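Read top to bottom, the protein sequences are chains A and B. Residue 71 in the working numbering sits at position 63 of the first sequence; the count goes up by one each step and never skips. Residue 187 in the working numbering sits at position 184 of the second sequence; the count goes up by one each step and never skips. One structure is given below, encoded as structure tokens.
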Amino acid sequence: MEKFQKLTGIAAPMPLVNIDTDMIIPKIFLKSIQRSGFGKNLFDEMRYNRDGTEIADFVLNKPQYRSAEILVAGDNFGCGSSREHAPWAIADFGIKCVVSTSFADIFFNNCFKNGILPVVLPQEQVDILMADAEKGENARMTVDLEAQEITTSDGEVIKFDVDAHRKHCLLEGLDDIGQTMQKAASIDAFEAKASAARPWV
Amino acid sequence: MSPKTLYDKIWDAHVAHEAEDGTCLLYIDRHLVHEVTSPQAFEGLRMTGRKVRAPEKTIAVPDHNVPTTLDRANPETMTPESRIQVDALDKNAKEFGVHYYPVSDVRQGIVHIVGPEQGWTLPGMTVVCGDSHTATHGAFGALAHGIGTSEVEHVLATQTLIQKKSKNMKVEITGKLNPGVTAKDITLAVIGETGTAGGTGYVIEYTGDAIRSLSMEGRMTVCNMAIEGGARAGLIAPDETTFEYVKGRPHAPKGAQFEQALEYWKTLFTDEGAEFDKVITLKGEDIQPVVTWGTSPEDVLPISGVVPAPEDFEGGKIEAARRSIEYMGLTPGQKLTDIEIDTVFIGSCTNGRIEDLRAVADVVKGKKIKDGMRAMIVPGSGLVRAQAEEEGLAEIFKDAGFEWRMAGCSMCLAMNPDQLSEGERCAATSNRNFEGRQGYKGRTHLVSPAMAAAAALTGKLTDIRDLI
């Protein structure tokens, strides 16, 4: 997995609440059996007309946000299906960090498996970052995972919380499966104990 | 020992390893797999030379892409992209040696219907699947939730998941339901109360007399939509209804082992005095038949209501409501029962079980659907289809003018040929009314099976209580 350490980039504002995974990547693009190539269809129905032309006023089509690396979004971002194609599309587009007041559980987990940092902040602080993002391409934010802080283009510093284990994995780009396999003895022992206690499982 | 919730008990029984910071390896008893969220996971195993750790606990079935027309044995009924995914599952299931129900098998169907039907899902288990509606299996008192593809690969390789424990939430539905009110109305009414993020960070346990009196089918409908309320999982403590349902299923324990299991299953309840972090209580008698008006499952109103105005809401929801009303082509103040529909979809992992089909048959028996209405009934599995035919339901549906389909996810998510066209408006028994969910620019109103049947007859969203 790609590491996430420190990022300075353009933030795009998407204040709409309840942005669901069908909006992030519509189901017609879930038919690939690859993990890559979803970025061009990120937010497809909001981003393109039916004939494939761009919808000019969609945020990521505006010249100042086309190379955004941070997304500042409305509440309950990523609700809906478990499709990991949603974070794959976000990462493939080039966005590495999403900020919101809350995320849907499965989407939130999926981000960490793909080198994306989801940051949960109170409404007032999301409002500050949303306002900063609305300034456009000259307003670059810095997200520092090690220090757990976001610095706005005005130099305002906002601290955030992140789970220590997940932080470590993102900073180092660690592969979960490899780490779990190191605990194979614990899994073997559990399996033996559980199959004695609940042989019908 | 301090009192525990049902969730605490199942969790504690599955922790294979706990790190100092509370990060756990949770052992997974059943891993269900479908064709959309698994190809990249199997490919990951292949690239790293890993095996499936417990193929005997892994069950694969194609459902999202499969056509539901009677001629689906003809591969031409699938798009090339869909066929690649279904073929990939076929290849992966055989190569890695997991249990598998191909499209040609009468037991094939929606993964969340097949699992319980075959007795794979049992009380006290941990069940995961790369699909958010895995919450369905919570109806058995199993801890069941959706996972992403990276986690699918993790479970395939290690039979565990890296997890931190969620908080406990209790949703109590007291008393009795009035006639015309169903499990679907309960679960939508709860989401209307809590919002789609109200359950975020929690595992919900549904309790109360109204829940206890539901059949297993109804309980599965309730738990299925726990995810729509943002919860990681929904649970209902197992009882005689559960044990009766499980007994005799192909993969349920038999004989002395059943008795041993039963003894354990009877310990699966929330202890007196156990604490919940959040409690919601609704009176069963207060719940009315409901319908969604917008593009989020929290946009729920009793069928007797009217389309709201954006200014009825606060904060970010004002803009979301404005967008929903425009997308749905509605007018604030419009009576919900004045909304005309052109399509009815009955099926999905929410409402594609035999009891749902019986409820539909009760409403439409001897009647005809409205002229010009496109109405389809898609059983949740091949066995549900067979049972409905045996009970004479299929004839009732066909006589009334419904299309009687083969099993699959169908129009719930439109990854297959069953889709809404632009501007079409559907009364659907499925679980999501998101923009484009049932087809590009399609409009979805979520309802119970009985309400969907009523709408098929009248051509409008209809209060089922007017027909009973």
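The beta-carbon is built from N, C-alpha and C at its ideal position, and this holds for glycine as well. Computed from a predicted model, the values in this text were never measured in an experiment.
Between Gly-411(B) and Asp-66(B), the beta carbon gap of about 5 Å places them in contact (Cβ cut-off 8 Å).
Spatial neighbours of Thr-224(B) in its own chain (CB-CB distance under 7 Å, excluding positions within 5 residues in sequence) are listed in chain order as Ala-186, Lys-187, Thr-190, Thr-353, Asn-354.
A Cβ-Cβ contact shorter than 8 Å links Leu-28(B) with Ser-194(A). Chain-ordered, the chain A residues with CB closer than 9 Å to the CB of Leu-28(B) read Thr-188, Lys-191, Ser-194, Ile-195, Phe-198. Rounded to whole angstroms, the gap between the alpha carbons of Glu-394(B) and Glu-220(B) is 17 Å. Following the DSSP letters along the chain, one finds Phe-246(B) in no beta strand (DSSP E) but inside the alpha helix (DSSP H) bounded by residues 243-249. The Cβ-Cβ distance between Ile-31(B) and Gly-149(B) does not fall below 8 Å. Measuring C-alpha to C-alpha distances from Ala-378(B) to each of Val-117(B), Gly-25(B), His-254(B), Leu-460(B) identifies Leu-460(B) as the nearest.
Restricting attention to Asp-212(B), His-34(B), Gly-183(B), Pro-70(B), the CA atom closest to the CA of Ala-57(B) is found in His-34(B).
Residue pairing by DSSP places Leu-182(A) in no beta bridge whatsoever. For Cys-132(B), the pairing in a beta bridge is given by DSSP as Leu-35(B), Gly-149(B). Closer than 7 Å at the C-beta level to chain B, one finds these residues of the stretch 82-100 of chain A: Gly-82, Asp-83, Asn-84, Cys-87, Gly-88, Ser-89, Ser-90, Arg-91, Glu-92. Segment contact: the stretch 241-261 of chain B against the stretch 156-173 of chain B, fewer than three CB-CB distances shorter than 8 Å; contact not assigned. For the 8 Å CB-CB criterion, Leu-15(A) and Val-151(A) form a contact.
Closest option to Val-80(A), judged by alpha-carbon separation, among Ser-89(A), Gly-144(A), Trp-96(A): Gly-144(A). Note that the C-beta distance between Ile-214(B) and Gly-144(B) is not below 8 Å. For the stretch 31-46 of chain A, the residues whose beta carbon sits under 9 Å from a beta carbon of chain B are, in order, Met-31, Pro-34, Lys-35, Ile-36, Leu-38, Lys-39, Ser-40, Ile-41, Gln-42, Arg-43. Relative to Ile-290(B), the option among Glu-38(B), Ala-138(B), Gly-183(B) whose CA is nearest is Gly-183(B). Taking all protein chains shown into account, Lys-371(B) has fewer than 16 neighbouring C-beta atoms within 10 Å of its C-beta and is therefore exposed.
Nearest C-alpha to Pro-452(B) among Ile-357(B), Asp-402(B), Lys-401(B), Met-376(B): Ile-357(B).
The three-state reading of DSSP puts Phe-12(A) in coil, since its state is none of H, G, I, E or B. The stretch 4-14 of chain B and the stretch 267-276 of chain B touch, with no fewer than 3 CB-CB distances between them shorter than 8 Å. Separation of Glu-262(B) and Lys-201(A) (C-alpha to C-alpha, rounded to the nearest whole angstrom) is 20 Å. Relative to Gly-127(B), the option among Trp-208(A), Arg-91(A), Met-31(A) whose CA is nearest is Trp-208(A). Think of a sphere of 9 Å around the beta carbon of Ala-202(A): the chain B residues whose beta carbon falls inside it are Ala-16, His-17, Ala-19, Tyr-30, Asp-32, in chain order. Between Ile-78(A) and Gly-123(A), the CB-CB gap reaches or exceeds 8 Å. Residues of chain B whose Cβ lies closer than 7 Å to the Cβ of Pro-207(A) are, in chain order, Gln-260.
For Lys-201(A), the secondary structure class from DSSP, reduced to helix, strand or coil, is helix. Closer than 9 Å at the C-beta level to chain A, one finds these residues of the stretch 266-279 of chain B: Tyr-267. When Cβ-Cβ separations below 8 Å define contact, Val-303(B) makes no contact with chain A. Asn-68(B) is not a Cβ neighbour of His-136(B), given a cutoff of 8 Å. For Thr-188(A), the closest alpha carbon among the candidates Arg-388(B), Ile-13(B), Thr-26(B) is that of Thr-26(B). Sequence-ordered contacts of the stretch 68-95 of chain B with chain A read Glu-84, Ser-85, Ile-87, Gln-88, Ala-91 [C-beta pairs closer than 7 Å]. For Gln-166(B), the three-state secondary structure derived from DSSP is strand. Annotation: Cβ neighbours of Pro-23(A) in chain B (cutoff 9 Å, chain order): Gly-319, Glu-322.
DSSP places Leu-68(A) within a helical segment (H, G or I) once states are collapsed to three.
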